[in-house]
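Under the numbering used here, the first residue of the sequence shown carries the number 526, and numbering increases by one thereafter. Don't be surprised by glycine CBs; every beta carbon is placed ideally from N, CA and C.
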Amino acid sequence: MTPTQTEPQTPDAVPHAEPGALPGVYATLDLLQCSQDGPVLHLRLNRPAKRNAISDELIRQLHTAVLSLPAHARVILISGEGPHFCAGLDLSELVQREIGEAVLHSRSWHAAFDALQFGRVPVVAVLQGAVVGGGLELAAACHLRVAEDSAYFGLPEGQRGIFVGGGGSVRIPRLMGVARMTDMMLTGRVYDANEADRAGLVQYRCADGEGLAKGMALAHKVAQGAPMTAFAVMHALPRIAEQSPSEGLFTESLMAAVASNTPEAQARLGAFLAGKAAKVTKS
Ligand code: 1HE
526 MTPTQTEPQT
536 PDAVPHAEPG
546 ALPGVYATLD
556 LLQCSQDGPV
566 LHLRLNRPAK
576 RNAISDELIR
586 QLHTAVLSLP
596 AHARVILISG
606 EGPHFCAGLD
616 LSELVQREIG
626 EAVLHSRSWH
636 AAFDALQFGR
646 VPVVAVLQGA
656 VVGGGLELAA
666 ACHLRVAEDS
676 AYFGLPEGQR
686 GIFVGGGGSV
696 RIPRLMGVAR
706 MTDMMLTGRV
716 YDANEADRAG
726 LVQYRCADGE
736 GLAKGMALAH
746 KVAQGAPMTA
756 FAVMHALPRI
766 AEQSPSEGLF
776 TESLMAAVAS
786 NTPEAQARLG
796 AFLAGKAAKV
806 TKS
């Protein structure tokens, strides 16, 4: 899918004000605040008045932002403006959609979230307040999730009489298991941040107001890793998890041989053997 270069400004967006804001295509994405912090591209959902509900335009802008990744970016950080990460699908658009459009709509989410999950760089999500429906589907497409105390996780599709359509049925059970997702969808059960941590929905917890700093610190740490290792983790690891043990072990051998034969790996291994690389310690 080709990113569109220009779009009209939409009325519910907050004007760009952040230092480090990016020029070019990013400046046209009014439903995202886009900024660069060294190797980290920070994309902030920017529809706080609608609790960052994902409209057709927002999913298109997110897809465009991911496809337009600057060459020097090594990590994407995703967060939401305001007290909620994301209220999921924009329900006001859903009511007008006929069946054929609904299939294409769901596929447009799949394309955007696949671009995130299987792109060039890892993605860190910072979560606060509502992380519900399509907001949870978006979070599930990211590689690392940081939850502030206020974060809560729900799949209100059951209450609304609909089904997940943004990849949730594929990704969420892989994080928390089919049984827990079944419970969330049938009963409307909502997980708080600690429950989500224990269930495997998030990897990091922090206090309210500390998520962005934590997410940014993690993103910078990820950016220090070798790109081929990140590629292997993003592209080989989930595929190996789907393969039979025999196929998985074979894929692992191929991936390991490729990664260890890159110049970067050779340089890093050489640095360790020369006593110039950091040792593994528990900080
Ligand atoms: C929205 C949406 C939305 C808020 N679509 N407009 N998602 C849901 O079922 C969640 C629905 N939202 C909520 O439960 C609540 O809005 C929140 C708990 C997230 C936040 O509550 P609150 O009190 O802070 O805000 P609010 O007053 O409810 O909402 C503020 C405005 O945002 C209001 O619009 P306004 O014009 O009256 O000011 C809301 O209508 C609007 N708003 N959430 C549209 N989701 C690919 S398939 C994915 C399927 C799903 O994601 S289903 C889950 C949908």
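Just checking my contact of P681 with G660 at CB under 8 Å: how many whole Å lie between their CB atoms?
The pair is not a contact, with the Cβ atoms about 10 Å apart (cut-off 8 Å).
Between which two residues does the alpha helix (DSSP H) holding I584 run?
That run of the alpha helix (DSSP H) goes D581 to L592.
Helix, strand or coil for G683, going by three-state DSSP, please let me know.
DSSP places G683 in helix when its eight states are reduced to three.
CB of A612 to nearest heavy atom of ligand 1: below 6 Å?
Yes - ligand 1 has a heavy atom lying nearer than 6 Å to the Cβ of A612.
Helix or strand or just coil, what does DSSP make of F643?
The answer is coil: DSSP assigns F643 none of H, G, I, E or B.
Is S633 helix, strand or coil when you go by DSSP?
Three-state result, S633: helix.
Rounded to whole angstroms, what is the Cα-Cα separation between A799 and A790?
Rounded to the nearest angstrom, the two C-alpha atoms are 14 Å apart.
In three-state terms, what does DSSP make of F756?
Correct three-state label for F756: helix.
Who are the Cβ neighbours of T754 in its own chain at under 7 Å, not counting the five residues just before and after it?
The answer, listed in chain order, is A784.
Please give the ranges of any alpha helix (DSSP H) in the region 706–778, keeping only runs that are unbroken, at least 4 residues long and fully inside the region.
For the region 706–778, whole alpha helix (DSSP H) runs of length 4 or above, ordered along the chain, are 718–724, 736–748, 752–756 and 762–767.
Can you find the residues in the same chain that come closer than 7 Å, C-beta to C-beta, to G725, ignoring five residues on each side of it along the sequence?
Contacts found: L700 and M701.
Output yes or no for whether 7 Å exceeds the beta carbon distance between Q749 and R670.
No, they are not a contact pair.
The beta strand (DSSP E) spanning A650 covers which residue range?
It spans V648 to L652 - the beta strand (DSSP E) in which A650 sits, taken as one unbroken run.
Ligand 3 and E606: does any heavy atom of the ligand fall closer than 6 Å to the residue's C-beta?
No copy of ligand 3 appears in this structure; the ligands present are ligand 1.
What distance in whole Å lies between the Cβ atoms of A590 and C559, which are believed to be in contact at a cut-off of 8 Å?
Yes, they are in contact, since the Cβ atoms of C559 and A590 sit about 6 Å apart, within 8 Å.
For Q621, which of helix, strand or coil comes out of DSSP?
Coil, per DSSP.
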